[in-house]
Amino acid sequence: MTPVRLDLRDNVALISIDSPPVNALSHAVREGLMSCIENADADPDVQAIVIICDGRTFIAGADIREFAMPPQAPHLPDIVDRIDACETPVVAAIHGTALGGGLEVAMGCHYRVALASAKLGLPEVKLGLLPGASGTQRLPRLVGAEMALNMMLSGNPIPAQAALDAGLIDKIVTTDDLADAALDFASGAIDKGPRHVRDLPVADVAEELFDKSRANIAKKARGLFSPERIIRCVELSTQLPYAKGCKAERELFMECKDSPQSAGLRHAFFAERAVKKIPGIGEETQVRDIEKVAVLGAGTMGAGIAYSCLNAGYNVHLLDNNKEGLERGHATIHKLFEGGIARGKISKEKMLETIERLTLSEIYDDLSDADLVIEAVFENMAIKKEVFGKLDQVCKQGAILASNTSTLDVDEIAAATKRPQDVIGLHFFSPAHIMRLIEIIRGKETSAEVIATSLKLTRALGKIGVVVGNCFGFVGNRMLYSYGRENQFLLLEGAPPEQIDKVLYDWGMAMGPNAVGDLAGLDVGYKARQERSDLPDDPRFYRVADMLAELGRFGQKTGKGMYIYEEGSRQPTPDPQVQIMIEKESRALGIERRDISETEIIERCIYGLINEGARILGEGIALRASDIDVIWINGYGFPRHRGGPMHYADTVGLKNIYKRVCKFREEFGAEYWEPAGLLKELADKGNSFSDFDKDAN
Ligand code: 3H9
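Numbering (my numbering), first residue to last: 205 to 901.
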């Protein structure tokens, strides 16, 4: 059945697109739309045309899946031009979100009406693209170059009212029946005739607008390919006639579409949506009602989790066994709300209303009516087991008992209760109110219902939950060990901390590993290593980090760590004392220091990650390679435009990665560089991690 229908309503043609879930402009939709437009325009009885969508939204853009395939006519720019060329007025009737190619179709129409709840945007930049169907030339003609730049460079949609104020739409429809209102509007436009956006002038702009934009993106969009090209297109819209501007846009769009960055960002888009697909869990899986969430432990993490839950609308009880700790946690939550007020995210009234849902106590019995308890106490197995034993006694049947452990065995924690089916790991990342990632750790007895409820909870919190298996460090922190290990070895072998950090930052990581260590606190990793009995018996292993922690140099919080920090500053400054200490230690360990290249730093740190990721995948701890990518992009500052470590490995080629890992095994020993079985298997077959995901699903 064709996804696009043409109906005649008196003298107005109603073109309806019905292509769930989001009416993306697939080949079939493009064909249907083009043919309906041509038929309507050729019909002498038709005096106006309305384009509308069924389902939950107006067109959400080009069909992103098709970018990886050869393009097929009719192409979107031609459809937009064809709509514009209609002799009778064409009206777009918008509900939900008009995004990307969807908004370009709407801007090809002569008029636009929208429900008040609608949103409009050009989010292509988030996929490493630019609007490629005349959006960069039409939007400045409607809203001015400055606002057009803001919309395209942020990729964020604007609400209907802002679109009306700016001239992007012509009317907000206040009735529920969008089709009727749009047909009325179209009838009223018959006398006015078409209004062609391409014929509008672009309003004059301040001379420095484009220079300022370039300076802005240099920092905000570090290393990204499409933002500069977006600026160029908008600049051209102020200099060239419409058709020439479109031609330039087309060329620049193709450059973006074919860039590895766009492939990485598109991969990340689908990877973040794939995480919700868990074998054995579907729509039929029962989900438990969560109204009251208890957070146990009022430290920074506990307070951040409580704050997130309050904002998501839950009743929250914060519990700590220490009165001062509880007061500190309460103060932290207040501070977070005040920060929200200062940034205009929440009003004072709303904050007061929200905070009313928070209760505090030191009494476990107060948890008896909680639907979900999230434990965020000290990362120590004995303490966690004691806490879960108590929870088992006081919590109601059916309550979910979650641990925010970042490394520990969830099955061992569950064994402290008589209800292991209700126990799960919910690993929030710090700062919990900002970081989007939650690793959802399923124990061997965790029920499907508890996993499904946890997934729903993460969505309600506005976060991304990735379900992983149980092993030390799960996916993220287990991989972090290999990354950190290579960083530490490189320090002893001759690369100063600032060199390693610069190389990895320039490669795209949000921060270098040594700056991250100082931010997280070197004492944290130190304590975690002290608790482990399974670490290599190797004096070089995390040697520098251990020495700094033993000297009380914990990082930013003590003003000194791998770097020095001026009072009140977070800016790391290299410390010659640290360099002397590292060099001395290299000598003591008999390590010959040498110059280390950029390539070696990248390969050892990133390939170390990939090899461990492959091992995790082979063991079934992660369901998909793309889940690992989602974890590293959202939890560890891995550059999104590289698609995550496993996608990046695919771009390098697994054969190449495997070869280098084997070479590192020769140079640095099998203890750290034994290639993962799955890496070897895929490399031997000439396959990729993406092939693995396809086979597994
Ligand atoms: C573009 O338009 C380029 C043009 O300028 C030039 C062309 C020449 N294509 O997010 P959800 C799927 S670039 C294919 O969970 P929500 C998605 O994968 C495009 N599939 O729902 C998921 O599938 P599944 C510019 C798409 O309600 C399902 O739909 N447009 C597309 O939370 C539901 O998605 C964009 O960048 C697509 N375009 O949010 C908009 N969009 O169920 C991208 C979605 O199998 N989309 N899917 O996992 C969005 O931002 C959100 O999906 C939207 C709905 C806000 C629409």
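For every residue, glycine included, the Cβ atom is placed at its ideal position computed from N, Cα and C.
Computed from a predicted model, the values in this text were never measured in an experiment.
### Query
To the nearest angstrom, how far is it from the Cα of Q405 to the Cα of R646?
Translated into positions along the sequence shown, residue 405 becomes position 201. Translated into positions along the sequence shown, residue 646 becomes position 442. What sits at residue 405 in the sequence shown is Pro, not Gln. Going from the Cα of P405 to the Cα of R646 covers about 58 Å.
### Query
So the alpha helix (DSSP H) I494 belongs to, where does it begin and stop?
Translated into positions along the sequence shown, residue 494 becomes position 290. Counting along the chain, no alpha helix (DSSP H) covers I494, and no H or E run does either.
### Query
Is the CB-CB distance between A652 and G484 below 9 Å?
Against the sequence shown, residue 652 aligns to sequence position 448. Against the sequence shown, residue 484 aligns to sequence position 280. In this structure, G484 lies closer than 9 Å to A652 by Cβ.
### Euclidean distance between Cα positions of G729 and V497
Locating residue 729 in the sequence shown gives position 525, where the first residue counts as 1. Locating residue 497 in the sequence shown gives position 293, where the first residue counts as 1. One C-alpha to the other measures close to 29 Å.
### Task
For T908, verify whether its CB is less than 8 Å away from any heavy atom of ligand 1.
Because residue 908 is not part of the residues shown, which for the chain are 205 to 901, the question remains open.
#### Entry: Cα-Cα separation, V812 to S686
Locating residue 812 in the sequence shown gives position 608, counting from the first residue. Locating residue 686 in the sequence shown gives position 482, counting from the first residue. Correcting the residue type first, residue 812 is Gly in the shown sequence and not Val. In this model, G812 and S686 are separated by some 5 Å (Cα to Cα).
### Task
Give a single yes or no on whether P879 has its beta carbon closer than 8 Å to a heavy atom of ligand 1.
Residue numbering aside, residue 879 sits at position 675 when the sequence shown is read from its first letter. False, no ligand heavy atom lies under 8 Å from that Cβ.
### Message
Between which residues of its own chain and G501 is the CB-CB distance below 7 Å, once the five residues before and five after are set aside?
### Response
Position 297 of the sequence shown, counting from 1, holds the residue named residue 501. Same-chain partners within the cutoff: D524, E579, A580, V581.
### Task
Helix, strand or coil for T657, going by three-state DSSP, please let me know.
Translated into the one-based positions of the sequence shown, residue 657 becomes position 453. Residue state, collapsed to three classes: helix.
### Query
Quick one: what does DSSP say E487 is sitting in, helix, strand or coil?
Residue mapping note: residue 487 aligns to position 283 of the sequence shown, counting from 1. Assigned with DSSP and collapsed to three states, E487 falls in coil, not helix or strand.
### Query
Applying the criterion that 16 or more other CB atoms from any shown protein chain within 10 Å of the CB defines a buried residue, is T803 buried or exposed?
Stepping through the sequence shown from its first residue, residue 803 is reached at position 599. Exposed is the call here.
### Message
With a threshold of 6 Å on Cβ separation, who are the neighbours of L353 within its own chain once the five nearest residues in sequence on each side are excluded?
### Response
Taking the sequence shown and counting its residues from 1, one reaches residue 353 at position 149. Answer for L353: S417, V438, listed in chain order.
### Query
Does the count of Cβ pairs from the region 354-361 and the region 320-335 closer than 8 Å reach three?
Yes: at least three Cβ pairs fall under 8 Å.
### Message
For ligand 1, I want to know if E328 counts as a neighbour, meaning its beta carbon is within less than 8 Å of at least one of the ligand's heavy atoms.
### Response
For the purposes of this step, residue 328 is identified with residue 124 of the sequence shown, where counting begins at 1. Yes; taking the cut-off as 8 Å, the Cβ of E328 has a heavy atom of ligand 1 nearer than that.
### Message
What ranges does the alpha helix (DSSP H) occupy inside the region 780-804, keeping only unbroken runs of at least 4 residues that lie completely in it?
### Response
Listed in chain order, they are 780-792.
### Task
Going by DSSP, name the residue or residues bridged to C257.
Against the sequence shown, residue 257 aligns to sequence position 53. Its beta-bridge partners are I221.
### Task
Determine which residues share a DSSP beta bridge with N519 and list them.
The residue you call residue 519 lines up with position 315 of the sequence shown. According to DSSP, which records beta bridges pairwise, N519 is partnered with K496.
### Task
Counting only the same chain and skipping the five closest in sequence on each side, list residues whose C-beta sits under 7 Å from that of T855.
By one-based count along the sequence shown, residue 855 stands at place 651. So the list reads P464, once near-sequence residues are dropped.
### Message
I want to check one thing, is the minimum distance from the CB of D267 to the heavy atoms of ligand 1 below 8 Å?
### Response
One-based indexing of the sequence shown puts residue 267 at position 63. At least one heavy atom of ligand 1 is nearer than 8 Å to the Cβ of D267, so yes.
### Query
Under a three-way DSSP split, which group does I645 fall into?
Taking the first residue of the sequence shown as position 1, residue 645 is located at position 441. DSSP, read as helix, strand or coil, puts I645 in strand.
### Query
Residue range of the alpha helix (DSSP H) that G881 falls in?
Taking the sequence shown and counting its residues from 1, the one referred to as residue 881 is at position 677. G881 -> alpha helix (DSSP H) spans 881-889.
### Query
Counting pairs of beta carbons, one from the region 286-304 and one from the region 253-273, are three or more of them closer than 8 Å?
Enough Cβ pairs lie closer than 8 Å, so yes.
### Task
Can you give me the Cβ contacts of D569 inside the same chain, cut-off strictly under 6 Å, excluding the 5 residues immediately before and after it?
On the sequence shown, residue 569 is found 365 positions in, with the first residue counted as 1. Closer than 6 Å at Cβ, skipping near neighbours: V598.
### Task
Could you please give the first and the last residue of the uninterrupted alpha helix (DSSP H) stretch that includes F473?
Here the question's residue 473 lines up with position 269 in the sequence shown. DSSP places F473 in the uninterrupted alpha helix (DSSP H) bounded by 464-478.
### Task
Please check the pair D575 and A603, which I expect to be a contact at CB under 8 Å, by giving their CB distance rounded to whole angstroms.
The sequence position of residue 575 within the sequence shown is 371, counting from 1. The sequence position of residue 603 within the sequence shown is 399, counting from 1. Yes, they are in contact, since the Cβ atoms of D575 and A603 sit about 6 Å apart, within 8 Å.
### Query
Do L708 and I805 have their C-beta atoms within less than 9 Å of each other?
Within the sequence shown, numbered from 1, the residue matching residue 708 stands at position 504. Within the sequence shown, numbered from 1, the residue matching residue 805 stands at position 601. Judged by beta-carbon spacing, I805 lies within the 9 Å limit of L708, meaning their Cβ atoms are closer than that value.
### Message
Excluding the 5 residues flanking I795 on each side, which residues of the same chain have their C-beta closer than 8 Å to its C-beta?
### Response
Residue 795 sits at position 591 when you count from the first residue of the sequence shown. Residues of the same chain with a CB within less than 8 Å of the CB of I795, apart from the 5 flanking positions on each side, are L696, E697, R744 in chain order.
### Query
With burial defined as no fewer than 16 other Cβ atoms inside 10 Å of the residue's Cβ, what is the status of T777: buried or exposed?
As a working mapping, residue 777 is identified with position 573 in the sequence shown. That one is exposed.
### Query
Going by alpha carbons, who is nearest to S430 out of H400, H637, C450, L469?
One-based indexing of the sequence shown puts residue 430 at position 226. It is L469.
### Message
Does E455 pass the burial test, meaning 16 or more other C-beta atoms within 10 Å, or should it be called exposed?
### Response
What you label residue 455 is simply residue 251 of the sequence shown in a count that begins at 1. Exposed, because fewer than 16 other Cβ atoms sit within 10 Å of the Cβ of E455.
### Task
Label T378 either buried or exposed according to how many other C-beta atoms from any shown protein chain fall within 10 Å of its C-beta, with 16 as the threshold for buried.
As a position in the sequence shown, residue 378 is number 174, starting the count at 1. T378 is exposed by the Cβ-count criterion.
### Query
Contact check, G265 vs A228 under 8 Å by CB: the rounded distance?
The residue labelled residue 265 in the question sits at position 61 within the sequence shown. The residue labelled residue 228 in the question sits at position 24 within the sequence shown. The beta-carbon distance between G265 and A228, rounded to whole angstroms, is 6 Å. This is short enough to meet the 8 Å contact definition.
### Task
Could you spell out where the alpha helix (DSSP H) holding L752 opens and where it closes?
Position 548 of the sequence shown, counted from the start, is the residue given in the question as residue 752. In this chain, the alpha helix (DSSP H) harbouring L752 covers 747-754.
### Query
Is it right to say D288 is buried, meaning 16 or more other beta carbons lie within 10 angstroms of its own, or is it exposed?
Position 84 of the sequence shown, counted from the start, is the residue given in the question as residue 288. D288 is buried by the Cβ-count criterion.
#### Entry: Three-state secondary structure (DSSP) of I768
Position 564 of the sequence shown, counting from 1, holds the residue named residue 768. I768 falls in the strand class under three-state DSSP.
### Buried or exposed (CB count within 10 angstroms, at least 16 for buried), I567
Residue numbering aside, residue 567 sits at position 363 when the sequence shown is read from its first letter. Taking all protein chains shown into account, I567 has fewer than 16 neighbouring C-beta atoms within 10 Å of its C-beta and is therefore exposed.
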